[in-house]
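Numbering (the working numbering), first residue to last: 59 to 345.
Report on one structure; see the data block that follows.
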């Protein structure tokens with residue numbers, strides 16, 4: 059079982075962070091009062107109410123309502139972030155530019171370590187009821203009356219470990235003190251394993267294309283000519299676009315400046331360009 063979860067005893071009270079499956083009974087209840095949230099795109103629900111208000115007593119529970127946050131696949135959150143860095147051409151190519159790669163990786167890392175204020179990440183654990191990487195949307199919260207406690211309890215599949223319950227409570231309550239929880243690395247994964255996981259999630263979601271090629275392709279490839287063209291073929295076309303290397307760009311800037319300052323004339327500019335191109339010291343700078 060993943061280190062963020064624990065398997066609750068069936069007799070245990072509901073607790074904040076319990077993961078509820080969309081069972082027929084729970085789905086019927088939600089459809090009655092919150093029909094939008096009964097949609098198939100919601101793959102489960104995370105209990106948002108504080109654990110102390112969910113303890114069963116003779117006179118019922120402390121909470122009049124049980125708060126539930128909607129759970130949806132992780133890919134939806136990541137795709138929305140990726141789109142921030144895509145031109146229409148890169149959307150068609152299902153890719154991002156190389157400069158955006160680290161930003162997206164940092165976003166993934168932030169999500170997985172539950173350091174984003176709007177989401178709570180749930181790692182896949184198919185054996186125990188989390189079929190795929192998912193996120194609870196903390197802003198997408200609904201409530202059901204506590205008289206339906208048993209319906210929620212019978213739908214429970216997993217609970218969060220205590221530290222992660224605390225982190226969830228901090229996120230929901232928008233507290234000003236940071237609650238520390240175990241990060242994935244170095245205790246649960248080595249640094250290299252952690253980086254490998256982050257990279258694998260990125261690679262599963264989107265391709266990465268050199269920014270220079272992406273910028274050059276915007277001028278040479280018309281988006282209207284790409285209707286029906288598979289994204290892999292679009293990426294191949296972008297990668298086939300010729301671009302100048304960094305050294306040639308710098309040499310051109312130097313030549314232009316020397317011409318502008320009358321240090322050299324047009325006739326000698328080609329000779330200077332050849333000398334700079336063949337200069338070993340300059341070449342070593344761009345290795």
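Beta carbons: idealized from backbone N, C-alpha and C, even for Gly.
Can you check which of these residues, 253, 225, 246 and 207, is closest to residue 126 by C-alpha distance?
As a first step, residue 126 must be located in the chain shown, where it is residue number 68. Taking residue 126 as reference, the option from 253, 225, 246 and 207 with the minimal CA-CA separation is 207.
Let me check understanding here. Comparing Cα to Cα, which of 176, 122 and 257 lies closest to residue 167?
Taking the first residue of the chain shown as 1, we reach residue 167 at position 109. The candidate whose alpha carbon is nearest that of residue 167 is 257.
With a CB to CB cut of under 8 Å and the five nearest residues on each side skipped, what residues in its chain are close to residue 177?
Here the question's residue 177 lines up with position 119 in the chain shown. For residue 177, where only same-chain residues beyond five positions count, the Cβ hits under 8 Å are 135, 169, 193, 194, 195 and 196.
Under the rule that 16 or more other beta-carbon atoms within 10 Å means buried, what is residue 271, buried or exposed?
As a working note, residue 271 is residue 213 in the chain shown. With 16 or more other Cβ atoms from the protein chains shown falling within 10 Å of its own Cβ, residue 271 counts as buried.
Rounded to a whole number of angstroms, what is the C-alpha to C-alpha distance between residue 216 and residue 129?
On the chain shown, position 158 is the one that residue 216 refers to. On the chain shown, position 71 is the one that residue 129 refers to. Each residue's Cα considered, the two are about 13 Å apart.
Going by other Cβ atoms of all chains shown within 10 Å of its Cβ, with 16 needed for buried, is residue 172 buried or exposed?
By one-based count along the chain shown, residue 172 stands at place 114. A residue is called buried when at least 16 other Cβ atoms come within 10 angstroms of its Cβ; residue 172 meets this threshold and is buried.
Assign residue 146 to buried or exposed, taking buried as 16 or more other Cβ atoms, counted over all protein chains shown, within 10 Å of its Cβ.
Sequence index remark: in the chain shown, residue 146 carries index 88 (1-based). With fewer than 16 Cβ atoms within 10 Å of its Cβ, residue 146 is classed as exposed.
Is residue 8 helix, strand or coil when you go by DSSP?
The structure shown does not extend to residue 8, since the chain spans only 59 to 345, so no value can be given for it.
Would you kindly work out how many angstroms separate the C-alpha atoms of residue 339 and residue 328, rounded to a whole number?
Against the chain shown, residue 339 aligns to sequence position 281. Against the chain shown, residue 328 aligns to sequence position 270. Rounded to whole angstroms, the gap between the alpha carbons of residue 339 and residue 328 is 19 Å.
What residue range does the alpha helix (DSSP H) around residue 127 cover?
Along the chain shown, one-based indexing puts residue 127 at 69. Residue 127 -> not in any alpha helix (DSSP H); beta strand (DSSP E) instead, spanning 123 to 131.
Please name the residue, chosen from 155, 305, 205 and 83, that lies closest to residue 118 on a Cα-to-Cα basis.
Working through the chain shown from its first residue, we reach residue 118 at position 60. Checked all of 155, 305, 205 and 83; the closest Cα to residue 118 is 205.
Ignore the nearest five residues each way along the sequence and tell me which others in residue 278's own chain have a CB closer than 7 Å to its CB.
Counting from 1 along the chain shown, the entry for residue 278 is found at position 220. So the qualifying residues of the chain are 299.
Give the range of the beta strand (DSSP E) segment to which residue 169 is assigned.
What you label residue 169 is simply residue 111 of the chain shown in a count that begins at 1. Per DSSP, residue 169 belongs to no beta strand (DSSP E); it is in the alpha helix (DSSP H), 156 to 170.
Just tell me which of 293, 308 and 336 has its CA closest to the CA of residue 155.
Your numbering for residue 155 matches position 97 in the chain shown. Of the candidates 293, 308 and 336, the one whose C-alpha sits nearest the C-alpha of residue 155 is 293.
Spatial distance of residue 105 from residue 95 (CA atoms):
Stepping through the chain shown from its first residue, residue 105 is reached at position 47. Stepping through the chain shown from its first residue, residue 95 is reached at position 37. Taking C-alpha positions only, residue 105 is separated from residue 95 by approximately 14 Å.
Can you say whether residue 76 is buried or exposed, counting buried as having 16 or more other CB atoms within 10 angstroms of its CB?
The count along the chain shown starts at 1 and reaches residue 76 at position 18. Classification of residue 76: buried, given that the 10 Å Cβ count is 16 or more.
Return the first residue and the last residue of the alpha helix (DSSP H) that residue 264 is part of.
Position 206 of the chain shown holds residue 264. Judged by DSSP secondary structure, residue 264 falls outside any alpha helix (DSSP H); it is assigned neither H nor E.
Which residue from 121, 179, 175 and 301 puts its Cα closest to that of residue 203?
Taking the first residue of the chain shown as 1, we reach residue 203 at position 145. When each option's Cα is compared against that of residue 203, the closest is 121.
Run through the DSSP bridge pairs and tell me what residue 63 is partnered with.
Here residue 63 is taken as the residue at index 5 of the chain shown, counted from 1. Paired residue(s): 218.
Apart from the five residues just before and just after residue 139, which ones in its own chain have a Cβ nearer than 8 Å to its Cβ?
Position 81 of the chain shown, counted from the first residue, corresponds to residue 139. Excluding sequence neighbours, residue 139 sits near 162 and 165.
Which whole-angstrom value is the C-beta distance of residue 65 and residue 181, which I expect to be below 8 Å?
Start at 1 with the first residue of the chain shown, and residue 65 comes out as number 7. Start at 1 with the first residue of the chain shown, and residue 181 comes out as number 123. In fact, because the Cβ distance is near 15 Å, the residues do not count as touching under 8 Å.
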